[in-house]
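Chains as they are written, first to last, in my numbering: chain R, 2 to 647; chain X, 128 to 380.
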Amino acid sequence: MTVLDSKIPEGPLAEKWSKHKATIKVVSPANKRKLDIIVVGTGLAGGSAAASLAEMGYNVKAFCYQDSGRRAHSIAAQGGINAAKNYQNDNDSIYRLFYDTIKGGDYRAREANVYRLAEVSGDIIDQCVAQGVPFAREYGGTLANRSFGGVLVSRTFYARGQTGQQLLLGAYSAMNRQIAKGTIKLYDRHEMLDIVKIDGKARGIIARDLVSGEVKRFGAHAVVIATGGYGNVFFLSTNAMGCNGGAAWQAYKNGAHFANPCFVQIHPTCIPVHGDQQSKLTLMSESLRNDGRVWVPKKKEDAVKLQKGEIGPNDIKDEDRDFYLERRYPSYGNLVPRDVASRAAKERCDAGFGVNNTGKAVFLDFKYAIDRLGEDTIRNRYGNLFQMYEKITDVNPYNEPMQIYPAIHYSMGGTWVDYNLMTSVPGLYAIGEANFSDHGANRLGASALMQGLADGYFVLPYTIGDYLANEIQVPRIDTNAKEFVAAEKSVSDRLHRLYDVKGDLSVDHFHKELGKIMWEYVGMARNEEGLKIAIKEIKALRKEFYKHVRIPGDFDAMNAELEKAGRVADFLELGELMAHDALDRNESCGGHYREESVTEEGEAKRDDDKFLYVSAWEYKGEDQDPELCKEELKYENIKLTQRSYK
Amino acid sequence: MADKILKELTLRVWRQKDAKSKGHFETYKVHNISQGSSFLEMLDILNEQLISENKEPVYFDHDCREGICGMCSLFINGRAHGPDKEVTTCQLHMRKFHEGETITIEPWRTGAFPVIKDLTVDRDAYEKIQQAGGYVSVNTGGVPDGNAIPIGTDDAEEAMDAAACIGCGACAATCKNGSAMLFVAAKVSQFAKLPQGKVEASRRAKAMVAKMDELGFGNCTNTGACEAECPKSISIQHIARMNREYLCAKLKD
Ligand SMILES: Cc1cc2nc3c(=O)[nH]c(=O)nc-3n(C[C@H](O)[C@H](O)[C@H](O)COP(=O)(O)OP(=O)(O)OC[C@H]3O[C@@H](n4cnc5c(N)ncnc54)[C@H](O)[C@@H]3O)c2cc1C
Ligand code: FES
Numbered sequence: 002m003t004v005l006d007s008k009i010p011e012g013p014l015a016e017k018w019s020k021h022k023a024t025i026k027v028v029s030p031a032n033k034r035k036l037d038i039i040v041v042g043t044g045l046a047g048g049s050a051a052a053s054l055a056e057m058g059y060n061v062k063a064f065c066y067q068d069s070g071r072r073a074h075s076i077a078a079q080g081g082i083n084a085a086k087n088y089q090n091d092n093d094s095i096y097r098l099f100y101d102t103i104k105g106g107d108y109r110a111r112e113a114n115v116y117r118l119a120e121v122s123g124d125i126i127d128q129c130v131a132q133g134v135p136f137a138r139e140y141g142g143t144l145a146n147r148s149f150g151g152v153l154v155s156r157t158f159y160a161r162g163q164t165g166q167q168l169l170l171g172a173y174s175a176m177n178r179q180i181a182k183g184t185i186k187l188y189d190r191h192e193m194l195d196i197v198k199i200d201g202k203a204r205g206i207i208a209r210d211l212v213s214g215e216v217k218r219f220g221a222h223a224v225v226i227a228t229g230g231y232g233n234v235f236f237l238s239t240n241a242m243g244c245n246g247g248a249a250w251q252a253y254k255n256g257a258h259f260a261n262p263c264f265v266q267i268h269p270t271c272i273p274v275h276g277d278q279q280s281k282l283t284l285m286s287e288s289l290r291n292d293g294r295v296w297v298p299k300k301k302e303d304a305v306k307l308q309k310g311e312i313g314p315n316d317i318k319d320e321d322r323d324f325y326l327e328r329r330y331p332s333y334g335n336l337v338p339r340d341v342a343s344r345a346a347k348e349r350c351d352a353g354f355g356v357n358n359t360g361k362a363v364f365l366d367f368k369y370a371i372d373r374l375g376e377d378t379i380r381n382r383y384g385n386l387f388q389m390y391e392k393i394t395d396v397n398p399y400n401e402p403m404q405i406y407p408a409i410h411y412s413m414g415g416t417w418v419d420y421n422l423m424t425s426v427p428g429l430y431a432i433g434e435a436n437f438s439d440h441g442a443n444r445l446g447a448s449a450l451m452q453g454l455a456d457g458y459f460v461l462p463y464t465i466g467d468y469l470a471n472e473i474q475v476p477r478i479d480t481n482a483k484e485f486v487a488a489e490k491s492v493s494d495r496l497h498r499l500y501d502v503k504g505d506l507s508v509d510h511f512h513k514e515l516g517k518i519m520w521e522y523v524g525m526a527r528n529e530e531g532l533k534i535a536i537k538e539i540k541a542l543r544k545e546f547y548k549h550v551r552i553p554g555d556f557d558a559m560n561a562e563l564e565k566a567g568r569v570a571d572f573l574e575l576g577e578l579m580a581h582d583a584l585d586r587n588e589s590c591g592g593h594y595r596e597e598s599v600t601e602e603g604e605a606k607r608d609d610d611k612f613l614y615v616s617a618w619e620y621k622g623e624d625q626d627p628e629l630c631k632e633e634l635k636y637e638n639i640k641l642t643q644r645s646y647k
Numbered sequence: 128m129a130d131k132i133l134k135e136l137t138l139r140v141w142r143q144k145d146a147k148s149k150g151h152f153e154t155y156k157v158h159n160i161s162q163g164s165s166f167l168e169m170l171d172i173l174n175e176q177l178i179s180e181n182k183e184p185v186y187f188d189h190d191c192r193e194g195i196c197g198m199c200s201l202f203i204n205g206r207a208h209g210p211d212k213e214v215t216t217c218q219l220h221m222r223k224f225h226e227g228e229t230i231t232i233e234p235w236r237t238g239a240f241p242v243i244k245d246l247t248v249d250r251d252a253y254e255k256i257q258q259a260g261g262y263v264s265v266n267t268g269g270v271p272d273g274n275a276i277p278i279g280t281d282d283a284e285e286a287m288d289a290a291a292c293i294g295c296g297a298c299a300a301t302c303k304n305g306s307a308m309l310f311v312a313a314k315v316s317q318f319a320k321l322p323q324g325k326v327e328a329s330r331r332a333k334a335m336v337a338k339m340d341e342l343g344f345g346n347c348t349n350t351g352a353c354e355a356e357c358p359k360s361i362s363i364q365h366i367a368r369m370n371r372e373y374l375c376a377k378l379k380d
């Protein structure tokens, strides 16, 4: 079994990063010009990394599958970004942000990585302000903050309900400046389909040009994966339609470990499913829980009437409303972390108190905040979210509470990386949502944007130098090398294997079937029996897929079905790995809830004696069971406690 | 609330094999569309139907499906992003259509955005305009504290109004002159409103406008169609602000 070395620097927690920076190698400007770096992904992580690396003098090749770098799914983040600035003077600090993130992650993240994240968080805000990101301001002209779930301070910076958009446009503008200078070459509408290794080191990628259909080779001295999360394995999620696990999956098949695949986040406040024509789910930002109160009826007969459409929410009197989060968790109330809020909603709906025709929805009510603060204030804070809600549901949330239900949102799991953000393949890095590093078993709101930008602006640009300093003698990578030829052929073969099935069922058919299995058995509540069924059913579905999938259109041309088929083929394997991981982890922690591991009060029960480790899975070949490698987690600065938000 | 079902719709869809081929309209029928579905979910159903008939599905751009990435486009019954106001095609819902309706679906039509397949166009021209100057020239690191530059709420809000642009292309596609003025102005105006961006404001305006002209976008004659069809309601006042920056730059020349 491979032993994973996390390369966490020695020394006191607060000094690790500065000492590490002081000791790692640096590449001279003249040598940087001779080094090529491939960055796959132009979201917050990839965009910020590509821009920073190019500014430093490296030659960057950036890739995205959309028609512009600005369209990466980071664009959809609404609520905000955390930073330990303590601008509100509420006694926030680097330590507190670190502590909240570790605790929020239910003690399954590395102390050293998380501390570094908190340490650079303030620099991110400064950087974004300097780029012209129009953050919300107080009347005095200083930066404004709001609160997010799972914390007791106000440290979230925001740009209306479009924080991700504005931060991404900042990174995108920095990239554009470098594209104009010729230091970044952007390959849009290109999808990475494999990694090329030479002598064990990552030396390039194979990508398909989505317009011409051509499969192409690209070489570099190092490869960075910044391809986002894999939530779409569930078919319905808050991710964009094209979000995929493909790049991370190819990394896995090339020897990079895949860590904690079963840790996915289910977001409590999404617009409920409307019917079987649904293609994706829309998030209503967590920031809404600052001012919205979550409730269902106290009386079952009221719930039944709501389900039948006989009464509306405003017909139910205050005393007949069950504000179940405030009831169960008096100290955090509506601002409990996401996993807790999601499970509480499911519990009420399973007990028959759901409020829409499917019985799978709860109310998020702004009446109380509007009474207290006035409609204008609420409009200022959430206007665009309310508009979005109304466009989708045809209900005006100023007059009637929103209906919400949990949905798959984020993947904490991802490619395993060490402290330098390098995967277990030398020269291959993973940043942003694509890696596993900072959020443990549950991510706090507004921390993904922070992590993506921390990785891209302030961590990777330094740590990658430590590796590249030893590569300065390596000439430009020759893409005629036999490894490139072989990788290109293997990609073409893989695509042909799909295209040539010429079966009778669409790609979406299989994706939806997979989604059903995942949601049923690998969703909000998991147990041994269900997970075993999931593994069996996914295997069977995969067989069917390769017998029955139908991909019309041309092979060597723009072909959306072929694109989707490749992604679903990966999901059909990744889903199984998630089930394996969930099966191994017989404890409840963060977003992972095993029905076998609960307290008497029905709260999740973590088991530190048995599971204080990162599960890093190693690929063992097609149809072979993967091998589990464990990275033990050591807590030297924080005392482990059962998380409580009561 | 359960949504109403539209039993039958007729779709006239632009089909075009690739950039070089000539396109044409094809007519299709779709059935049992829930009014709660989005327009793109309706197209998904059409595509499922085409696949089941072993025909090639319609290629259209889309990604986030929540109105923010700017990837989706489409002229629907002659209007960019269809009949609803302040929405992108992905947020347009079938409630806006009625039983038995014939819906005409075309790609963006403007010279600067050539069709590459079916309903998909090449918006690279917008990228080039941004690359010409849509940024503040700062490198990563070594910048002042975020609170060192106070910015009044009004300025921050106005900058945000402009920055809300999603780069979908509806403005240029709608404009009878094929002008990209609103798109360019949104960026120029966002930065001109902020002290960080002010420093380079004139240079930026000049460079972006020059690039726009070079790429074959038309002139702005202030008809305001762009503002009316912009899914993010970006105001044409930003064009006035850009013109000021542009004139300043020209005067200095
Ligand atoms: C609706 C929504 C709201 C959110 N709100 C918040 C919030 O308020 N605060 C917060 O902190 N976090 C939020 N998150 C989470 C956060 O937005 C994401 O985790 C984060 O933006 C991911 O950034 P990324 O750069 O890692 O990936 P992405 O932004 O997803 O970028 C992935 C990039 O990789 C490219 N790519 C993917 N696969 C390939 C391939 N095979 N080949 C080539 N290119 C590829 C894509 O084109 C894209 O450029 C939200 C997430 C969602 C979905
Ligand atoms: S698909 Fe993203 S804006 Fe429509």
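Even glycine gets a Cβ: it sits at the ideal position worked out from N, Cα and C.
These figures come from a predicted structure and were not determined experimentally.
Asked: Cβ neighbour criterion (16 or more within 10 Å) applied to Thr154/X; Found: exposed
Asked: Selection from Ser49/R, Gly106/R, Tyr96/R that minimises the alpha carbon distance to Ala442/R; Found: Gly106/R
Asked: Ser332/R: first and last residue of the uninterrupted beta strand (DSSP E) it sits in; Found: Run containing Ser332/R: none; DSSP gives neither H nor E here.
Asked: Neighbour-count burial assignment, Arg178/R, 16 or more Cβ in a 10 Å radius; Found: buried
Asked: Whole alpha helix (DSSP H) elements within the region 353-397 of chain R, 4-residue minimum; Found: 368-374, 376-394
Asked: Which listed residue (Glu213/X, Leu246/X, Gly197/X, Cys191/X) has its alpha carbon closest to that of Gly150/X; Found: Leu246/X
Asked: Contact the region 289-304 of chain X vs the region 238-257 of chain X: 3+ CB pairs below 8 Å; Found: yes
Asked: DSSP three-state assignment for Asp316/R, whether helix, strand or coil; Found: helix
Asked: Cβ contact check for the region 184-204 of chain R and the region 384-402 of chain R: 3 or more pairs under 8 Å; Found: no
Asked: Proximity test, Cβ basis, 9 Å: Leu75/X and chain R; Found: Residue 75/X cannot be examined here, being either before or after the span of chain X that is shown, 128 to 380.
Asked: Ile276/X beta carbon near ligand 1 (any heavy atom closer than 8 Å); Found: no
Asked: Spatial distance of Met559/R from Thr350/X (CA atoms); Found: 36 Å
Asked: Within-9 Å CB hit, Pro234/X to chain R; Found: no
Asked: Within chain R, partners of Cys191/X - CB distance below 7 Å; Found: His74, Ile76, Ala77, Ala241
Asked: 3-residue-minimum beta strand (DSSP E) runs that sit fully inside the region 405-470 of chain R, ordered along the chain; Found: 429-431
Asked: Where the region 521-554 of chain R meets chain X: residues whose CB sits under 7 Å from a CB there; Found: Arg551, Pro553, Gly554
Asked: Nonlocal neighbours in the same chain, by C-beta distance under 7 Å from Ala175/R, ignoring five residues either side; Found: Ala52, Gln132
Asked: CB contact check: Ile230/X to chain R, cutoff 9 Å; Found: no
Asked: Own chain residues within Cβ distance below 7 Å of Gly194/X, not counting five before or after; Found: Val214, Thr215, Cys217, Gln218, Pro358
Asked: Neighbourhood of Glu637/R by C-beta distance below 8 Å, restricted to the same chain and skipping five residues each side; Found: Leu14, Glu112
Asked: Strand pairing of Arg294/R, partner residues [DSSP]; Found: Asp366/R
Asked: Candidates Lys35/R, Pro407/R, Ala342/R: closest to Gly220/R by CA position; Found: Lys35/R
Asked: Integer Cβ distance of Trp235/X from Ser200/X, believed to fall under 8 Å; Found: 5 Å
Asked: Paired residues, beta bridge with Asn83/R - DSSP; Found: Thr157/R
Asked: Extent of the continuous alpha helix (DSSP H) run through His497/R; Found: 483-500
Asked: Three-pair Cβ contact test at 8 Å for the region 624-637 of chain R versus the region 369-377 of chain R; Found: no
Asked: Alpha-carbon spacing of Leu168/R relative to Ala290/X, whole angstroms; Found: 11 Å
Asked: Nonlocal neighbours in the same chain, by C-beta distance under 8 Å from Lys325/X, ignoring five residues either side; Found: Phe318, Ala319
Asked: Cβ of Ala561/R within 9 Å of any chain X Cβ; Found: yes
Asked: DSSP beta-bridge partners of Ser616/R; Found: Lys631/R
Asked: Contact list for Lys244/X against chain R, beta-carbon separation under 7 Å; Found: Met559
Asked: Interface residues of chain R facing Val265/X [CB-CB closer than 7 Å]; Found: Ala131, Gln132
Asked: 7 Å Cβ cut-off: residues of chain R touching Lys182/X; Found: Pro553
Asked: CB contact check: Glu215/R to chain X, cutoff 9 Å; Found: no
Asked: Check: Leu246/X C-beta below 8 Å from any heavy atom of ligand 2; Found: no
Asked: Runs of beta strand (DSSP E) wholly within the region 23-78 of chain R (minimum 3 residues, chain order); Found: 37-41, 60-64
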